[in-house]
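First the structure, in the form of structure tokens, and then the observations on it.
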Amino acid sequence: MTARRDVMVIFGITGDLARVKTFQSLYRMERRELLECPIVGVAFEDWTKDRLVERARESISAEEDHLDERVFRRLVDRISYVHGDFGTPNTYDRLREAMGGAEHPLFYLEVPPNLFATVVKGVAGAGLAGNARFVIEKPFGHDLDSANALADELHSVVDESQLLRVDHYLGKVGLEEIPFLRFANTLLGPAWNRDHIDHVQISMTEAFGVSDRGHFYDPVGALRDVVVNHLMQVVVAVAMEAPEPGDRSSIGRRRTELLRDVVPADPARYVRGQFRGYHDVDGVAADSTTETYAALELRIDNPRWRGVPFFIRTGKRLHVTQTEVRVVFREAPSLGFGLRGEHPPSNELVVRLTPTFGVRVELTAQRVDAADPELAELDVGFAAPPGEAPTPYEVLFEAALAGGGVRFASQGTVDAEWRIIQPLLDSPPEVHEYEPATWGPDQADALLADRGGWRSPWLG
Ligand SMILES: NC(=O)C1=CN([C@@H]2O[C@H](COP(=O)(O)OP(=O)(O)OC[C@H]3O[C@@H](n4cnc5c(N)ncnc54)[C@H](OP(=O)(O)O)[C@@H]3O)[C@@H](O)[C@H]2O)C=CC1
Ligand SMILES: O=C1O[C@H](COP(=O)(O)O)[C@@H](O)[C@H](O)[C@H]1O
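When we follow numbering that gives the first Met the number 0, the leftmost residue of the sequence shown carries the number 0, and every step to the right adds one.
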């Protein structure tokens, strides 16, 4: 049994991720009375506690309609601040003091990736790593080799079981519900394979662009930003085998096993796009060929999925902000009902992950007074924004404070994800310009030309 964490140390508490996500999620956890331990922030700037509290207030107020002062006070009362350079040993001496006698610390690294190893080594050098867990944020390398090099460096100081890698899609309400839906409903389970499913479409479209993130985004691009991590986890949720009865920890193994069955992606089945105007974004190189749009086909070589293509597309400055999985079933055989539409359209099952979680089943129905079969849509909405569903970071913090578990990506998963994508990094096709507020470059339509094209998303 893993011990609950008795202090949360946030390296990089003055940074952008803390501003946009961390304070809000901690506040919401405090409101739900899920926080029990002290929180220590560490960063370079010599901030006073008041300055940090002011930052927390601004960050939370930017996201929450109403800031409950009693909840906010409870939260800031548990926060202390240590300033210092991560490369300097006495920063960790001051940190040890601030941690009191905590024995099971959680160290959350909201720091530039080139400082992951510095911080982990600094913590270990101060003798604080023994019972610790370390949460690290993506990117986990920028390709297969660098991901392995990072893992080797971290493993030289701490054990893999101490590392909790954040892929916030693993904390998203909706993702874990996909395998649950499949395996808990005997209506679906028997049909969830190559005999019944024609193909799968995964679309993560974003209407917004890169705004003030040009410096971060330009060396990264869509493939590394969201495909190799978040959208791979969506593929896993659709395609993994069932966990072992009574063993939740087997979910992690099932994920890795599935990813190992995915065939390395084929650059000939990969389309890259860049929205018109991308070069004007601050921080983007004038001659950048970074993709802001990626569409690709994946194949899974196992008995359940052989022959079933998985199509993925994602992009910035597209028509709408929406993430969905669409499972397209095989066509029914010709019917003898004497109808005009002898070939009814395929059934489709849609799971929407963003902006809200919902499930739609598209069936074909026939009204006695109509000449053609019609589409019947069965919709189940699970949450309306803003709703009380936890944010992904609340889910992940709660899991990390409880000691870890299947909400985090293992090195095996990360390694398998890069192996799948590496051929696309090695041989990137040319990048096609597309107009903002469209569905991306026309060239992506060719991927699905013989499967009825990309479906329009289910807009809630
Ligand atoms: N920003 C985002 O939306 C997202 C970020 N991430 C990931 O989260 C991590 C953090 O990103 P982000 O918050 O944007 O980064 P920022 O550059 O905004 O913040 C970095 C933080 O690290 C501190 N820091 C940097 N170098 C040192 C040092 N040598 N000594 C002490 N403190 C130092 C900074 O302190 P100070 O300000 O005091 O100098 C600051 O608090 C990255 O891995 C990123 O990829 C993941 C998803 C989204
Ligand atoms: O990690 C990232 O994810 C967001 C999308 O997350 P979502 O939960 O809103 O679907 C993406 O916009 C960003 O570029 C990327 O870095």
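Every residue, glycine too, gets a C-beta built ideally from N, C-alpha and C.
- Our two residues, residue 388 and residue 286, have alpha carbons roughly 42 Å apart in a direct line.
- One thing to note: residue 39 has its Cβ within 8 Å of the Cβ of residue 79.
- Relative to ligand 1, residue 331 has its C-beta separated by 7 Å or more from all heavy atoms.
- By the Cβ-count criterion, residue 229 is buried, with 16 or more other Cβ atoms from all chains shown falling within 10 Å of its own Cβ.
- Bounds of the beta strand (DSSP E) holding residue 363 are 357-364.
- Going by DSSP, residue 269 is part of no alpha helix (DSSP H) but of the beta strand (DSSP E) stretching over 269-274.
- Along the segment 21-63, the alpha helix (DSSP H) occurs as fully enclosed runs of 4 or more residues at 22-30 and 48-62, listed in sequence order.
- Here the alpha carbon of residue 255 sits roughly 25 Å from the alpha carbon of residue 119.
- By the CB criterion at 8 Å, residue 19 and residue 90 fall outside the cutoff.
- Within the same chain, and ignoring the five residues on either side of residue 289 in sequence, the residues whose Cβ sits closer than 6 Å to its Cβ are 217 and 220.
- Between the segment 183-194 and the segment 299-317 there are three or more inter-stretch CB-CB distances shorter than 8 Å, so the stretches are counted as touching.
- By the beta-carbon neighbour count (other beta carbons within 10 angstroms, threshold 16), residue 205 is buried.
- A direct Cα-to-Cα measurement between residue 263 and residue 422 gives close to 7 Å.
- Beta-bridge partners of residue 292 (DSSP): 272 and 314.
- In the three-state DSSP reduction, residue 214 falls in the helix class (H, G or I).
- Here residue 322 has 203, 352 and 353 as same chain residues with Cβ atoms under 6 Å from its own Cβ, once five neighbours each way along the sequence are excluded.
- The distance from the Cβ of residue 133 to that of residue 165 is about 11 Å, inconsistent with a contact at the 8 Å cut-off.
- Taking 8 Å as the cut-off, the Cβ atoms of residue 411 and residue 1 do not count as close.
- Shortest gap from the CB of residue 14 to any heavy atom of ligand 1: under 7 Å.
- Buried is the label assigned to residue 58, since at least 16 other Cβ atoms lie within 10 Å of its Cβ.
- Looking at 452, 281 and 261, the one whose alpha-carbon comes closest to that of residue 213 is 281.
- For residue 375, the enclosing beta strand (DSSP E) begins and ends at 373-380.
- Where residue 396 is concerned, there is no enclosing beta strand (DSSP E), although the alpha helix (DSSP H) around it starts and stops at 391-400.
- With three or more CB-CB distances shorter than 8 Å, the segment 389-400 counts as touching the segment 27-38.
- Runs of the alpha helix (DSSP H) spanning 4 or more residues and lying entirely within the segment 80-129 occur at 88-97 and 115-124, in chain order.
- According to the DSSP secondary-structure assignment, residue 326 is paired through a beta bridge with 199 and 348.
- A straight-line Cα-Cα distance of about 7 Å links residue 429 and residue 271.
- When DSSP assignments are scanned along the segment 144-192, the uninterrupted stretches of alpha helix (DSSP H) that are 4 or more residues long and fall wholly within it turn out to be 176-183.
- Your pair residue 456 and residue 274 does not check out as a contact, with CB atoms roughly 18 Å apart and the cut at 8 Å.
- For the pair residue 333 and residue 327, the Cα-to-Cα distance works out to about 18 Å.
- Rounded to the nearest whole angstrom, the CA to CA distance from residue 49 to residue 71 is 13 Å.
- Under DSSP, residue 419 forms no beta bridge with any residue.
- Using a cutoff of 7 Å, the CB of residue 175 does not count as near ligand 1, since none of the ligand's heavy atoms is closer than that.
- Secondary structure of residue 454 (DSSP, three-state): coil.
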